[in-house]
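**Q** Numbering (UniProt numbering), first residue to last: 1 to 307. Sharing a structure with you now.
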């Protein structure tokens, strides 16, 4: 029975071949035939060439190369789209997801689990601020979407049935760990500690993480749209209170000249309107991209070999 190992890769540097060999070696004790599907997400370095070099030496290795950078979610989708196994394990190329857990995950799958989640118990390379931001995101996501994915990662094993259901989901904006949880398949979890990244530091900065969090929250919940309503109610309430205060001062003769109150009210109303438009605009932009129905990824055509 074939097990697919799906590995997204982007600018992984010279250590990529060594990492891929380590992943294969760690997975071999599971006792199944293996294939390693490496998805090059439009790397600017020679990551794709490295994978091609390894594939020439090891027939278990296959390369899916993008024409440009489509993002990690697209790379995971493409890897599963090209996987041929009865189950697939998704993990990072930088070894932060310990491949030594793969045999244990496969054993849980053999015992009937359709999805095996690798849950982060500890992240050794995260600062206190990063850890707090991650916890805040998971709590917000849980409150808005109703799904608890705290500690979950993209490191997971999913059965062929789950793979097929995931690939059939029509949306373009994808959040892999959230969608697998949304499918509600019977599964289990295995804890792990996130290892230090092999090679260069993380390519995720605070702005890209914020953008990632916003996209994933709005992909799973329309609750932020309710903020517009509550913001309007709050502004209306503040305006009504200011009106009462102004009338009281007018009738008691304590009203002061000038436009301070008016200016404060205008700033509150303007800020509320702009915030509301921003929230609605984000959802409209998602609708715009979904309606265009462009492909999630575009794969580079394979090179023709001269006879």
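By construction, the Cβ of each residue, glycine as well, lies at the ideal position given by its N, Cα and C atoms.
1) Give the straight-line distance between the Cα atoms of residue 142 and residue 74, rounded to the nearest whole angstrom.
2) Less than 8 Å between the C-beta atoms of residue 155 and residue 64, yes or no?
3) Less than 8 Å between the C-beta atoms of residue 152 and residue 119, yes or no?
4) For residue 1, which residues in the same chain have their Cβ closer than 6 Å to its Cβ, ignoring the five residues on either side in sequence?
5) Within the UniProt domain "Glycosyltransferase 2-like" (4 to 162), note down every full beta strand (DSSP E) run reaching 3 residues or more, in order along the chain.
6) State yes or no: is the C-beta of residue 78 within less than 8 Å of the C-beta of residue 12?
7) If we count the other Cβ atoms within 10 Å of its Cβ and call it buried at 16 or more, is residue 218 buried or exposed?
8) Below 8 Å on the Cβ atoms is my contact criterion, and I expect residue 99 with residue 23 to pass it. Report the Cβ-Cβ distance as a whole number of Å.
9) Could you say if the region 245 to 254 and the region 291 to 300 meet the contact criterion of at least three C-beta pairs nearer than 8 Å?
10) For a test of the three-state rule: what should DSSP assign to residue 249, helix, strand or coil?
11) Have a look at 27, 193, 224 and flag the residue whose alpha-carbon is nearest the alpha-carbon of residue 106.
12) If you draw a straight line from the alpha carbon of residue 306 to that of residue 52, how long is it in whole angstroms?
13) Report the option in 277, 166, 226 whose CA atom is closest to the CA atom of residue 88.
14) If you count every other CB in all the chains shown that lies within 10 Å of the CB of residue 41, and 16 or more means buried, which is it?
15) Following a CB-centred definition, is residue 192 positioned closer than 7 Å to any heavy atom of the ligand COA?
16) Taking the beta carbon of residue 29 as the centre, do at least 16 other beta carbons fall within 10 Å, making it buried, or is it exposed?
17) Would residue 39 pass as a contact of residue 9 if the rule is Cβ separation under 8 Å?
18) Residue 189 by DSSP, collapsed to three states: which one?
19) Could you give the distance in angstroms between the alpha-carbon of residue 239 and the alpha-carbon of residue 262?
20) Please name the residue, chosen from 174, 265, 190, 242, that lies closest to residue 72 on a Cα-to-Cα basis.
21) Check the Cβ-Cβ distances between residue 3 and every residue of chain B, and say whether any is below 8 Å.
22) Can you tell me whether DSSP reads residue 183 as helix, strand or coil?
23) In or out: residue 35 buried (at least 16 other Cβ within 10 Å) or exposed?
24) Kindly list the residues whose CB is nearer than 6 Å to the CB of residue 213, restricted to its own chain and excluding five residues on each side of it in sequence; keep chain order.
**A** On the basis of the data shown:
1) A direct Cα-to-Cα measurement between residue 142 and residue 74 gives close to 24 Å.
2) Annotated as distal: residue 155 and residue 64, with beta-carbon spacing of 8 Å or more.
3) Contact: yes.
4) The beta carbon of residue 1 sits closer than 6 Å to those of 32, 86, all from its chain and outside the five residues before and after it, given in chain order.
5) Runs found: 33 to 40, 61 to 65, 87 to 90, 115 to 123, 156 to 159.
6) No.
7) Classification of residue 218: buried, given that the 10 Å Cβ count is 16 or more.
8) 4 Å between Cβ atoms; contact.
9) The region 245 to 254, when compared against the region 291 to 300, does not touch it at the 8 Å Cβ threshold.
10) In this structure, residue 249 counts as helix in the three-state DSSP scheme.
11) For the residues 27, 193, 224, the minimum Cα distance to residue 106 belongs to 27.
12) Reliability of the predicted coordinates at residue 306 is poor, the pLDDT of 48 falling under 50, and the value obtained from them is presented with this limitation in mind. The straight-line gap from Cα to Cα measures roughly 17 Å.
13) For the residues 277, 166, 226, the minimum Cα distance to residue 88 belongs to 166.
14) Sixteen is the threshold: when 16 or more other Cβ atoms of the shown chains lie within 10 Å of the Cβ of residue 41, as they do, the residue is buried.
15) The ligand content of the structure shown is nil, which means the ligand COA is not present either.
16) Exposed, since its Cβ has fewer than 16 Cβ neighbours within 10 Å.
17) Between residue 39 and residue 9, the C-beta gap is smaller than 8 Å, which places the two residues in contact.
18) The answer is strand: DSSP assigns residue 189 an E or B state.
19) Rounded to the nearest angstrom, the two C-alpha atoms are 10 Å apart.
20) The option with the nearest alpha carbon to residue 72 is 174.
21) This model lacks chain B altogether; it includes just one protein chain.
22) If DSSP states are grouped into helix, strand and coil, residue 183 belongs with the helices.
23) With 16 or more other Cβ atoms from the protein chains shown falling within 10 Å of its own Cβ, residue 35 counts as buried.
24) Once the five neighbours on either side are set aside, the close Cβ partners of residue 213 are 137.
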